[in-house]
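The next block holds one structure in the form of structure tokens; read it before the comments.
4 protein chains.
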Amino acid sequence: MTEKTRVAILGASGYTGAELVRFLVHHPKVSIVALSANRKAGQTMGSVFPHLAPYDLPVLTSIDEVDFAGVDFVFCALPHGTTQALVRSLLEGPHGGRLRIADLSADFRLTDAADYETWYGHPHQAPELQEEAVYGLVERNRQAIRSARLVAVPGCYPTSALLPLWPLLEAGVVEADPLIVDSKSGASGGGRDPKEGMLHCEVSEGVYAYGIGSHRHGPEIDQELSLAAGRPVRVTFTPHLMPMNRGILSTIYARLKDGVCMADARKVLEDRYRDEAFVHVVPEGTLVHTRHVRGSNLALIGLHEDRTPGRVIVTCVEDNLVKGASGQAIQNMNVMLGFEETTGIAQAPMFP
Amino acid sequence: MTEKTRVAILGASGYTGAELVRFLVHHPKVSIVALSANRKAGQTMGSVFPHLAPYDLPVLTSIDEVDFAGVDFVFCALPHGTTQALVRSLLEGPHGGRLRIADLSADFRLTDAADYETWYGHPHQAPELQEEAVYGLVERNRQAIRSARLVAVPGCYPTSALLPLWPLLEAGVVEADPLIVDSKSGASGGGRDPKEGMLHCEVSEGVYAYGIGSHRHGPEIDQELSLAAGRPVRVTFTPHLMPMNRGILSTIYARLKDGVCMADARKVLEDRYRDEAFVHVVPEGTLVHTRHVRGSNLALIGLHEDRTPGRVIVTCVEDNLVKGASGQAIQNMNVMLGFEETTGIAQAPMFP
Amino acid sequence: MTEKTRVAILGASGYTGAELVRFLVHHPKVSIVALSANRKAGQTMGSVFPHLAPYDLPVLTSIDEVDFAGVDFVFCALPHGTTQALVRSLLEGPHGGRLRIADLSADFRLTDAADYETWYGHPHQAPELQEEAVYGLVERNRQAIRSARLVAVPGCYPTSALLPLWPLLEAGVVEADPLIVDSKSGASGGGRDPKEGMLHCEVSEGVYAYGIGSHRHGPEIDQELSLAAGRPVRVTFTPHLMPMNRGILSTIYARLKDGVCMADARKVLEDRYRDEAFVHVVPEGTLVHTRHVRGSNLALIGLHEDRTPGRVIVTCVEDNLVKGASGQAIQNMNVMLGFEETTGIAQAPMFP
Amino acid sequence: MTEKTRVAILGASGYTGAELVRFLVHHPKVSIVALSANRKAGQTMGSVFPHLAPYDLPVLTSIDEVDFAGVDFVFCALPHGTTQALVRSLLEGPHGGRLRIADLSADFRLTDAADYETWYGHPHQAPELQEEAVYGLVERNRQAIRSARLVAVPGCYPTSALLPLWPLLEAGVVEADPLIVDSKSGASGGGRDPKEGMLHCEVSEGVYAYGIGSHRHGPEIDQELSLAAGRPVRVTFTPHLMPMNRGILSTIYARLKDGVCMADARKVLEDRYRDEAFVHVVPEGTLVHTRHVRGSNLALIGLHEDRTPGRVIVTCVEDNLVKGASGQAIQNMNVMLGFEETTGIAQAPMFP
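Chains as they are written, first to last, in my numbering: chain A, 1 to 352; chain B, 353 to 704; chain C, 705 to 1056; chain D, 1057 to 1408.
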């Protein structure tokens, strides 16, 4: 019997950390050997997340206490900005030759140092790794991910925008401008830190748009779509907070290029995703709901014609904590380590 | 002491009917004399809507049983398509000279008979009234409403799109094309008829877009914006169902005309609504939530600049059952009957 | 025209503070002259509670900045434990002869100093006022409230337990032991302070019991029921957190005394509440929902027979922020100041 | 390689049917060969439950069309009352010698024909099978289940009451009277048939008690507790509808027998469930939430002391669709067929 890959999860006390654990406790190829959470060091995972109490898990430690000599793979689920120096120290440290890392923060998603500084307000502390990191949209970058040391797991919103848009732009069936991405997310995207605006009374029974015209996921979408289109793309992106826990729906407004019809656009997406396990294009006339993917690593894409000829409305749903974060991170790990890509993340959606 | 206006509510067993009652039981100038609900005739309002049980209300009857000789004002809250013949019979009947009507259905919103037939699938049965009816967006058509016999209360979605857009188009500060209206609505908009898709398990914890590119509120918005712009306008309109009961948020994407800046657009809206009781433009940088208007007749408008110069994002929130239906209907009645416009509908929003 | 009563709300930045404002802005007899919130002093109420932005309200100040020379009536909506010294200083200060106070905290609810110390962990700082304060369950203590300087507004849970139980115990139709009160509350009872356990993701889509066997509202219920029964009563009380914002349902298990039948118990409650504006006993066979009182000052009581003869199940619903807090506080003020008891709090429930 | 067990799900268009599929598509020992839903015959499972569209499943048929020659195991997830004749015909038919059945309806839960008729309003149509059927509370009846042809899967509410109560009664540590079971359930227990009372607007943001003193799950609980106690037991049982999709919490009020202390009661439960995979007793001071078991086959039991000595409050949570229905049904199947008991139902809870 082969030995299991030894996995550490840094930042295990957040929702994405818990979600990694939810999948990995049943992943047949890995073993969780370390869980860090600086502010909750010394506590059990079961006390921090009682739904995980039934599982035999390492006690939470500070990052400093993790013995990376016994770790093969690291999931970083730390707040933005705190990962850069840490990842460098890991990769340049004594175990750097062996360690491979999937980072769920935004720290390595933007490849351009100036862009990073503009949007995150401080210079990047490991710009050479920023260049090296592979953007972990598996369906697009699978080849590069296989050999990557460091994968930047895409943001939750960008994943839902990129999955439908990059094939359409790469194939040249839609115009690169204007592109409007109107995204709706559940509250788990806001994390577990207590904030007045995330209280139940403030989130339930209401919706609002935030970060209008200025959200950091905008430039992340731009970067990847620019690569796909072969020209600079700047989307209009508006996130909204929904009164629900999980799920992102992006409603995307685009224009078909002259001479292109809806069937052409549909064919591009269907061809692109026909053999993918986690991304499905739904049949014409079918509506996609976030509840149809809840708890699973699936993304569903719908394609719709507007009343106005030439305008197309694309819808894409995912579970923001799974395909938009932890599930996609494990999908990346599976690719990086040569496992079957669906291992441990093949669970069916949970409805209702 | 002046006698009170005698009000009948036809279709009182739906959510908009109940909402009319909620306000009217405390309206000092009117008295509810008849409540109809054909399928629930004979039942008390308190058995159909227990939250109204404390109030002394007429028993539900069929429409045929309503004695219009004792009625001054009629609210029609009937399903689309069932109102046309009824309204004609009322206005042409023995009490037609006295009766005034606010219709909450879609039957008299489209002024063009051909448009109506296209979108509603059958010829209009009272086309002369279709022309006569005044579109009851009070802030725009107050003058015509004063003397109207028949007011078509605007749809819930159109209200949230028109309040910000018609002043901007009329003033010529934004382009009439493209205009994208991405709207999010609570479930009460779906009515009280039992449908699988509206069950709690099907609505909570998820979102989806429906009627994509083909919802009937699209042409209603077009009609009114075309009047404002002085040219044909066709919006791209996508409604979404939110896991909440009340509230609509419309996120609107437009372009400033050449030479126009954000401040110009803001000034247009602020000037237009400065003296309005129910429509407020929030200060720059402020986000509008549906929960800030819940239960009230208020609409809030936010104006935001995109990263891309010249693109503007407008947000508008309302309570779909109040400003988007029953509250606006009473506002119309107040104007038609010469009452102070806020009478009976000045309640503060309920949060949380 | 009579001058309006000048009202100060201390602790206006919590949900009960906002709820007081929601009602008082339309109360015809009072004028809000001061709003305090130490940590948010200097902010406008509209920035703290955007749903109140449309109203012309005093800017938030610290308590020290309130000029009580211009205040007639004070609502204290401060955290438990912080009110005692303040209320004493107000009543013993230069304006003490005029000021009247409704305190929404738990500080003056328990009349026994030892009980207070046991349950709240520190000696009471104004024990003489603890004795003087009238327990503001208006339907029971209306007479004493009329002339009270200081009213202790009942707790949200106790209100829902006491309204049905005290008449039954006073009339001697149910046994005083055992009494089991299983209460379910919405999340607004947890306040607006950011706590992990009150985040949307932690509250929605789940329920739990807390404070089992040890919640502070237990002794408050005991105290009042002991008075009603004329003997010491100790209830078993379990509060539960519901995934909703507003509403409390208490399901109460009791035994009829020998020789008493259900009709007797029903008659006691019906007779007791026949003339009350805010407390209604629903007909036999009718179920009470929290949603039937949402946003209103109503409480509904249902009475049900168990399969096992002699056992009775009583249900009582209220809106925890209204009849369970701010609405009841205003009801007390109306009684204290000789206003019609329903003034300003007669709003119909909001459903859905 | 062994052949897989061929499974049919009758009544696959309800929530419990879908939930069986969710687990069984990843169960390594079985293959779904037939799905019936009379009213939706001819449709694909993916059109009825889009979250299952990614799976290769049989098209829905009427029951008559199922070829039981190719079926080894049957899950009946049909409405109450419709299963009796069908099960008899299956067990007495040509394949009766091979077929084994887990019935999720209430049809075979009550073993007494008279009781059944009293509570379900008509004579049982297969009383001999009523006697033969094994009550499928695996943790209690594992031995009998192994060889059963027909298992009656316990009701959702009874499961949550019985798991903690039967060991306590069997061990004689709590009194058999009075026992009060106050249960709170999510809306999925109400099924997928469109009913006004189950609409989102009617369920969200409110709670209520129903079936007070008269719910059919009362006698089911009585039957099993009477067996455990060795004397007739009649509980007071009140179900409540919660504004959430999944989960049941039962709060149970009991009395310790004279001479028994809390530690004794705790020891009984801990000993009983120490080796169980799906039932856990949480440590003293820990609260159980329905969200800690959501989506999983787990049940958690908490034990709490009241302020009044001798009174104990027991809490038990489960996911009503999993341990309360489909998960427990599969657990029964695993036992009946000699599979490892956790096969296919070991998924971790999903939080948030």
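In this text, a Cβ means the ideal position worked out from N, Cα and C, and glycines have one as well.
Count the other CB atoms, across all protein chains shown, that sit within 10 Å of the CB of residue i; report buried if there are 16 or more and exposed otherwise.
{"i": "G951(C)", "result": "buried"}
{"i": "I1251(D)", "result": "Before going further, note that residue 1251(D) is Lys rather than Ile in the sequence given. The residue in question, K1251(D), is exposed, as its Cβ has fewer than 16 Cβ neighbours within 10 Å."}
{"i": "P475(B)", "result": "exposed"}
{"i": "E1022(C)", "result": "buried"}
{"i": "Q680(B)", "result": "buried"}
{"i": "T940(C)", "result": "buried"}
{"i": "Q84(A)", "result": "buried"}
{"i": "G1242(D)", "result": "buried"}
{"i": "S441(B)", "result": "exposed"}
Taking CB distances under 9 angstroms as the criterion, tell me whether residue i reaches chain A.
{"i": "A891(C)", "result": "yes"}
{"i": "I532(B)", "result": "yes"}
{"i": "A908(C)", "result": "Note that residue 908(C) is Ser in the sequence shown, not Ala. Yes, S908(C) lies at the interface with chain A (some Cβ there is under 9 angstroms from its Cβ)."}
{"i": "Q1140(D)", "result": "no"}
{"i": "I653(B)", "result": "no"}
Using a Cβ-Cβ distance under 9 angstroms, would residue i count as near chain C?
{"i": "F703(B)", "result": "yes"}
{"i": "K267(A)", "result": "no"}
{"i": "R199(A)", "result": "What sits at residue 199(A) in the sequence shown is Leu, not Arg. True, the Cβ-Cβ gap to chain C drops below 9 angstroms."}
{"i": "H641(B)", "result": "yes"}
{"i": "T638(B)", "result": "yes"}
{"i": "E1173(D)", "result": "no"}
{"i": "P194(A)", "result": "yes"}
{"i": "Y407(B)", "result": "yes"}
{"i": "A513(B)", "result": "no"}
Within this structure, are the beta carbons of residue i and residue j separated by less than 9 angstroms?
{"i": "I301(A)", "j": "V293(A)", "result": "no"}
{"i": "V1104(D)", "j": "V1063(D)", "result": "no"}
{"i": "R1125(D)", "j": "R1156(D)", "result": "Going by the sequence as given, residue 1125(D) is Ala instead of Arg. No; because the gap between Cβ atoms is not below 9 angstroms, this pair is not in contact."}
{"i": "I1277(D)", "j": "L1325(D)", "result": "no"}
{"i": "L1080(D)", "j": "A1097(D)", "result": "no"}
{"i": "G998(D)", "j": "A1169(D)", "result": "The question about residue 998(D) has no answer here: the residues shown for chain D are numbered 1057 through 1408."}
{"i": "E1173(D)", "j": "Y1329(D)", "result": "no"}
{"i": "K381(B)", "j": "T695(B)", "result": "yes"}
{"i": "M550(B)", "j": "L1377(D)", "result": "no"}
I'd like to know whether the C-beta of residue i is nearer than 9 angstroms to at least one C-beta of chain G.
{"i": "H240(A)", "result": "Considering every chain present, this structure includes no chain G. Its protein chains are A, B, C and D."}
Along the chain, where does the beta strand (DSSP E) containing residue i start, and where does it finish?
{"i": "L1155(D)", "result": "Segment: none, L1155(D) is in no beta strand (DSSP E) and carries neither H nor E."}
{"i": "T1292(D)", "result": "1292–1297"}
{"i": "H567(B)", "result": "Here H567(B) belongs to no beta strand (DSSP E), and DSSP marks it neither H nor E."}
{"i": "T667(B)", "result": "663–670"}
{"i": "S1241(D)", "result": "1236–1241"}
Along the alpha helix (DSSP H) that carries residue i, what are the first and last residues, could you check?
{"i": "G327(A)", "result": "327–336"}
{"i": "H200(A)", "result": "200–203"}
With a threshold of 9 angstroms between beta-carbons, can residue i be considered close to chain D, or not?
{"i": "Y824(C)", "result": "no"}
{"i": "N597(B)", "result": "yes"}
{"i": "G295(A)", "result": "yes"}
{"i": "A913(C)", "result": "yes"}
Looking at chain B, is there any beta carbon in it that lies within less than 9 angstroms of the beta carbon of residue i?
{"i": "V729(C)", "result": "yes"}
{"i": "A1052(C)", "result": "yes"}
Exercise for the section: Give, in chain order, every unbroken run of the beta strand (DSSP E) that is at least 3 residues long and sits entirely within the region 1300–1331 of chain D. Expected result: Fully contained in the region 1300–1331 of chain D are the following beta strand (DSSP E) runs of length 3 or more, in chain order: 1304–1311.
Problem - alpha helix (DSSP H) segments (min. 4 residues) lying fully within the region 385–440 of chain B - result: 397–400
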